[in-house]
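Protein chains in written order, with our numbering: chain A, 17 to 214; chain B, 4 to 750.
No residue lacks a Cβ here, since even glycine has one placed at the ideal position from N, Cα and C.
Here the structure is a predicted model, which is why all the values come from computation and not from measurement.
Step one of this worksheet: look at the structure below.
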Amino acid sequence: MSTIIIAIVVLASLAALFGALLGFASVRFRVEGNPVVDQVNDLLPQTQCGQCGFPGCKPYAEAIADGEKINKCPPGGESTIQALADLLGVEPEPLDAEHGAEKDVPMVAYIREDECIGCTKCIQACPVDAILGAAKQMHTVIVDECTGCDLCVEPCPVDCIDMVPQSTDTSSWYWQAPTTGVELIATDRRSLKTEAHA
Amino acid sequence: MTHLIQLHEFDGGIHPPENKRQSNSRPIRKASLPSELVLPLHQHIGAPANPVVAVGDTVLKGQVIAEPEGFVSAPLHAPTSGKISAIEARQVPHASGLSETCIVIEPDGEDTWVEHQGLCDTLGLDHCDDIPVDKLLERIRDCGIAGMGGAGFPTAVKLNTGKHKIDTLILNGAECEPYITADDMLMREHASEVIRGAQILLQILGAERCLIGVEDNKPEAIAALDDALVQHNEEHHIDVVTIPTKYPSGGEKQLIQILTGKEVPSGGIPASLGIVCQNVGTAAAIADAVDFGRPLISRITTVTGDAVRDKGNWEVLLGTPVSHLLSLSGYRPAKRERVVMGGPMMGFALPTTELPVVKTTNCLLAPTEKELPTNNPAMACIRCGLCADACPADLLPQQLYWFSKAQEFDKAEQHNLFDCIECGACSYVCPSEIPLVQYYRFSKGAIREERAAAEKAEQARIRYEARIERQEREKAEKEAKRKARAEAAAKAQSVKKEAPAAKASPVAEPAANADLEKLQKQLAAAQAAVAKTKEKLEAAREDPEKADKIPAFESALAKTQDKIKTLAKDIAAAKKAAKSAPAAAGPDKGDPNSPERLQKKWETAAARLETARKRLADAEANGADTVDALRAGVEKQEARVAEAKAAYEASLNSDASASTGASLETAVSNNAGTDNTSAETVAAKPNSEQLQKKLLAQKDRVEKAKERLEMARAEGLDSVEALEKALNKQLDKLAAFEAQASTTGEV
């Protein structure tokens, strides 16, 4: 009988000890905010374009952490979807066409400056403060800061903003992958050569 | 040689046919002056130089034409005397074939040097051995010296080793790539300069010894260097080391391994091992710069390949077109012309021969198809593993190939893709002729681009968050202000309530006044529009090309005048109402809308505007940070003046406006009668369908503009004015189209 009591006492005290330990740890090492949101946000392209239906990348990251679909980000495209799928351990899905298509080349906004009336509408629309100007003064885009989000195009009352592809120079250029044709083995090539000669 | 150097070996490597005999059998020749020299601003690694000359300037040989921009950069000097004929984007010798800004010099043929002298003389020292290190580094930087082995890293930056203590200087004279003999010939003919350069470098680095690594296929160069060592009495510090011929022993990391047995860690620099490696050509250029003050304006370039008759080495001014050098060498373009800049292993085919020789151009190879066949189409990888055996960096080329091909860049990076020196040994041995190096270059580029994108995303995120924070702050400030105002108003109210004076109909007066003001504003706007339209009409009448617009202007004019009439009536009615109201409220106040009062108002507003403008000008001159606030103030004041003026004029016109409006109308309609006929005859019959389309589009736009305006008004944004302007413009256009459409319809 006493052994049973001892066992119960020991187990109870162990349970109390570990419970206290865990309780202390949960208070002491509490993580502020949701770390998943930050991880997701780091993977998003930060164009802040709102094409996903959320007002910026962070809100979309929060939504993803709450179970929103991961295929609503056209600027990020397939690679972002893949990265998000890897992070969250879900199946990657094709990009949701409803939110727009992935662009082949990165774009930047360009203001046709002689047509600008200086209304500041685009400045208010730009999520990253990449447009410079003042009321009744000509506006211009800081190319290095522009994320190509398109948001300034719609509010312009005189439609003087174009989206143009980002230009490449010798420092941003790089070799493209060799075009892979049909891969042959040596004997195939000989026959091809003779065909060509014929 | 005075010391016995224990040589080591690096793994891998290949032994391609050397093909050096063709070009190293005759001395270096001096290339003639071409008709123009094209100098790209970006001939080195780092930021492009910044031009300091203008088109039309005359420059002397050796004069600085572009200054370095930032720390990692190099200046540019005029290779000969002449005139700057252009500073423009030209195609540069780069694998991309893209254009970059170049300075173009038209030589005058005089080849007059700018004043230059050795550093020792410049500083006025007696002993040229104790020039301060910082002066030496400054001279090297000022002379625009960048690594001449191929990469073109600014030498002064590389010599600035910071915290690393350097004990060994290695001069790279291996020149392992087939065909190229530029360094070989330089060492044979300018051995003394190379040794002198080594002395200077040793002084700068404070190193104890210098090893000059030369492959054993250059016995003449080794002999010349040994002689020069004796001449300079430097046998105790500097050793010429003969190393076995093997490609790529001239790679920096490989040469260090051969000579010292130490391996440069992945991602590290040789300085962390206490070693600095420089090309022999760079050493010679340093000697020239320090001893004679000659900047880097020429280099030795090998021109070889079976498509040229006269193979050999040329001392060529930077900026000389490749075509000029080729024609000097008797170039016979083959059917499939192909000129390679650099060697057959690491060089790239030039898109055209109208490209300049730059600081890193060590060889121009013009092979025939037989000599250097173009690549066959790649076959499948058979996993033979030859590439792994050949790789001098001990990588797994095959794995890197699979990862690059599948674009699994993170895995490629894990397999140390960035340790690949792109020597091409793997592609050389590949039995399937897979262009492996191109895959690696692609992956490296894609990874770098990804990194740049990530960096930009981070920056965008920071800016976005800063913006959100700012917006929230502004909102909070506004809220606080509004509260403060509300409190103040409440206080004032309570004070008023305490005063027992009873007021009669305090509501009617402001309401009536507000109505009146609004109407008067509208009237002023309409009058302005009439004036503008009239002006346009006049212009259109004078200019036959614009004749087709006349009816549009007329109809617009008529419309606005109608508006004016109704407005005038409204105003008269409103005034009556307003008059009765204030009369009831406070008889001593008089009529607030009497012309005299309004005029006074206008005048005081104008005076205030004047002072505000003065203040703004003062602030702008002093660069005070209140400029923005003042400017906003001035704008407001301007608006007030305009308002006051409009009000005053309206009050003057209010009685007469109805009649003037009518007379104006008749006058205009008379004009219209005469003009309509002429317009119809003059105007070509426009395509009515197109017109219809335009009209519809314009209507759309107007709708859109109106919507926006409504929204802006509803939200009380300050852009309302701009939007109104835009809307007016759109309305004008619409009217024009409508008129045009109606005239075409009639015709």
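Cutoff 6 Å; reference LEU276 (chain B); Cβ partners in own chain excluding five residues on either side
Position 273 of the second sequence, counting from 1, holds the residue named residue 276 (chain B). Sequence-distant partners of LEU276 (chain B) (beyond 5 residues in either direction) whose C-beta falls short of 6 Å from its own C-beta, in its chain, are LYS265.
Let's test the definition: count the other Cβ atoms within 10 Å of the Cβ of GLU114 (chain A) and tell me whether it reaches 16, buried, or not, exposed.
Locating residue 114 (chain A) in the first sequence gives position 98, counting from the first residue. GLU114 (chain A) should be labelled exposed.
What do you reckon, are the CB atoms on ALA81 (chain B) and VAL62 (chain B) nearer than 9 Å?
Walking along the second sequence from the start, residue 81 (chain B) turns up at place 78. Walking along the second sequence from the start, residue 62 (chain B) turns up at place 59. Using a Cβ distance threshold of 9 Å, ALA81 (chain B) and VAL62 (chain B) count as a contacting pair.
In angstroms with no decimal places, state the Cα-to-Cα distance between PRO51 (chain B) and LEU375 (chain B).
For the purposes of this step, residue 51 (chain B) is taken as residue 48 along the second sequence, with counting starting at 1. For the purposes of this step, residue 375 (chain B) is taken as residue 372 along the second sequence, with counting starting at 1. Spanning the two alpha carbons is a distance of roughly 34 Å.
Below 9 Å between beta carbons: does that hold for THR186 (chain A) and HIS47 (chain B)?
Residue numbering aside, residue 186 (chain A) sits at position 170 when the first sequence is read from its first letter. Residue numbering aside, residue 47 (chain B) sits at position 44 when the second sequence is read from its first letter. In this structure, HIS47 (chain B) does not lie closer than 9 Å to THR186 (chain A) by Cβ.
How many angstroms separate the CA atom of ALA193 (chain A) from the CA atom of ARG451 (chain B)?
Within the first sequence, residue 193 (chain A) is the residue found at index 177, counting from 1. Within the second sequence, residue 451 (chain B) is the residue found at index 448, counting from 1. Approximately 15 Å between the Cα atoms of the pair.
Beta strand (DSSP E) segment containing GLU318 (chain B), residue limits
Translated into the one-based positions of the second sequence, residue 318 (chain B) becomes position 315. 315-320 is the span of the beta strand (DSSP E), which, as asked, contains GLU318 (chain B).
Using a cut-off of 7 Å between C-beta atoms, extract the partners of LYS373 (chain B) located in chain A.
One-based indexing of the second sequence puts residue 373 (chain B) at position 370. In chain order: nothing, as chain A lies at least about 16 Å away.
Can you tell me where the beta strand (DSSP E) with TYR126 (chain A) in it begins and where it stops?
Taking the first sequence and counting its residues from 1, the one referred to as residue 126 (chain A) is at position 110. TYR126 (chain A) -> beta strand (DSSP E) spans 123-127.
Excluding the five sequence neighbours on either side, which residues of its own chain have a C-beta within less than 8 Å of the C-beta of LEU399 (chain B), listed in chain order?
Start at 1 with the first residue of the second sequence, and residue 399 (chain B) comes out as number 396. Cβ neighbours of LEU399 (chain B) beyond the five flanking positions: ALA391, HIS418.
Counting only the same chain and skipping the five closest in sequence on each side, list residues whose C-beta sits under 7 Å from that of LYS499 (chain B).
For this step, residue 499 (chain B) is matched to residue 496 along the second sequence. In its own chain, leaving out the 5 sequence neighbours on each side, no residue places its CB closer than 7 Å to the CB of LYS499 (chain B).
Within-9 Å CB hit, PRO347 (chain B) to chain A:
In the second sequence, residue 347 (chain B) corresponds to position 344, counting from 1. No, no contact with chain A.
Counting only Cβ pairs nearer than 8 Å, list the residues of chain B close to GLY69 (chain A).
Your numbering for residue 69 (chain A) matches position 53 in the first sequence. Ordered by position in chain B, no residue passes the 8 Å Cβ test against GLY69 (chain A), which lies about 17 Å from the chain.
Assign VAL360 (chain B) to one of two classes, buried (16 or more other C-beta atoms within 10 Å of its C-beta) or exposed (fewer than that).
As a working mapping, residue 360 (chain B) is identified with position 357 in the second sequence. A residue is called buried once 16 or more other Cβ atoms fall within 10 Å of its Cβ, and VAL360 (chain B) is buried on that count.
How about the region 103-115 of chain B and the region 280-288 of chain B: do they share at least three Cβ pairs that are nearer than 8 Å?
no
Residues that DSSP places opposite LYS33 (chain B) in a beta bridge:
One-based indexing of the second sequence puts residue 33 (chain B) at position 30. Per DSSP, B:GLU318.
When DSSP labels each residue in this structure, what does MET382 (chain B) get in the three-state scheme?
For the purposes of this step, residue 382 (chain B) is taken as residue 379 along the second sequence, with counting starting at 1. Strand, per DSSP.
By the DSSP assignment, the alpha helix (DSSP H) with PRO51 (chain A) in it spans what residues?
The residue labelled residue 51 (chain A) in the question sits at position 35 within the first sequence. First-last of the alpha helix (DSSP H) with PRO51 (chain A): 51-59.
Enumerate in chain order the residues of its own chain whose CB-to-CB distance from GLN67 (chain A) is below 6 Å, with the five nearest sequence positions on each side excluded.
Position 51 of the first sequence, counting from 1, holds the residue named residue 67 (chain A). Within the same chain, GLN67 (chain A) has close Cβ partners PRO90, HIS115, GLY116.
Considering VAL283 (chain B), what are the terminal residues of the alpha helix (DSSP H) in which it resides?
For the purposes of this step, residue 283 (chain B) is taken as the residue at position 280 of the second sequence. Per DSSP, VAL283 (chain B) belongs to the alpha helix (DSSP H) from 283-295.
Tell me whether LYS137 (chain A) is buried or exposed, calling it buried when 16 or more other Cβ atoms sit within 10 Å of its Cβ.
Position 121 of the first sequence, counted from the start, is the residue given in the question as residue 137 (chain A). Buried, by the Cβ-count rule.
Can you give me the C-alpha to C-alpha distance between HIS119 (chain B) and ARG297 (chain B), rounded to a whole angstrom?
Position 116 of the second sequence, counted from the first residue, corresponds to residue 119 (chain B). Position 294 of the second sequence, counted from the first residue, corresponds to residue 297 (chain B). So the two alpha carbons sit approximately 7 Å from each other.
Is CYS423 (chain B) buried or exposed, if buried means 16 or more other CB atoms sit within 10 Å of its CB?
In the second sequence, counting from the first residue as 1, residue 423 (chain B) sits at position 420. It counts as buried.
How many Å lie between ALA28 (chain A) and GLY35 (chain A) at the Cα?
By one-based count along the first sequence, residue 28 (chain A) stands at place 12. By one-based count along the first sequence, residue 35 (chain A) stands at place 19. Their Cα atoms are separated by approximately 10 Å.
Around the Cβ of HIS155 (chain A), are there at least 16 other Cβ atoms within 10 angstroms (buried) or fewer (exposed)?
As a working mapping, residue 155 (chain A) is identified with position 139 in the first sequence. It is buried - the Cβ of HIS155 (chain A) has at least 16 other Cβ atoms within 10 Å.
Does the beta carbon of LEU60 (chain A) come closer than 9 Å to any beta carbon on chain B?
Taking the first sequence and counting its residues from 1, the one referred to as residue 60 (chain A) is at position 44. Yes - at least one Cβ of chain B is within 9 Å of the one on LEU60 (chain A).
With a CB to CB cut of under 6 Å and the five nearest residues on each side skipped, what residues in its chain are close to ALA675 (chain B)?
Stepping through the second sequence from its first residue, residue 675 (chain B) is reached at position 672. Low confidence applies here, because ALA675 (chain B) scores a pLDDT of 42, under 50, leaving its location unreliable and the question unanswered by this model.
Using 10 angstroms around the beta-carbon of ALA231 (chain B), count the other beta-carbons present and answer buried if the total reaches 16, otherwise exposed.
Residue numbering aside, residue 231 (chain B) sits at position 228 when the second sequence is read from its first letter. Flag for ALA231 (chain B) reads buried.
Chain B contact for GLN55 (chain A) (CB, 9 Å cutoff):
Here residue 55 (chain A) refers to the residue found at position 39 of the first sequence. Answer no: the Cβ-Cβ gap between GLN55 (chain A) and chain B never drops below 9 Å.
Starting from VAL440 (chain B), trace the alpha helix (DSSP H) both ways and give me its first and last residue.
Position 437 of the second sequence, counted from the first residue, corresponds to residue 440 (chain B). It spans 439-501 - the alpha helix (DSSP H) in which VAL440 (chain B) sits, taken as one unbroken run.
Just mark PRO71 (chain A) as buried or exposed, buried being the case when its beta carbon has 16 or more other beta carbons within 10 Å.
Numbered from 1 along the first sequence, position 55 holds the residue referred to as residue 71 (chain A). Result: exposed.
How would you list, in chain order, the residues of chain B whose beta-carbon sits under 7 Å from the beta-carbon of THR163 (chain A)?
Position 147 of the first sequence, counted from the start, is the residue given in the question as residue 163 (chain A). Within chain B, the residues near THR163 (chain A) are ALA463.
Going along the chain, which residues of the region 121-150 of chain A sit with their C-beta nearer than 9 Å to a C-beta in chain B?
PRO122, ILE133, GLY134, CYS135, THR136, LYS137, GLN140, CYS142, PRO143, VAL144, ASP145, ALA146, ALA150
Where THR186 (chain A) meets chain B, residues with beta-carbon distance less than 8 Å:
The residue you call residue 186 (chain A) lines up with position 170 of the first sequence. Simply HIS45, VAL95, HIS97, SER99, LEU101, GLU103.
Counting only beta-carbon atoms, is PRO194 (chain A) nearer than 9 Å to chain B?
In the first sequence, residue 194 (chain A) corresponds to position 178, counting from 1. For PRO194 (chain A), the answer is yes, since a Cβ of chain B falls inside 9 Å of its Cβ.
With 16 other CB atoms within 10 Å as the buried threshold, where does LEU33 (chain A) fall?
Within the first sequence, the letter at position 17 stands for residue 33 (chain A). The residue is exposed, with fewer than 16 neighbouring Cβ atoms inside 10 Å.
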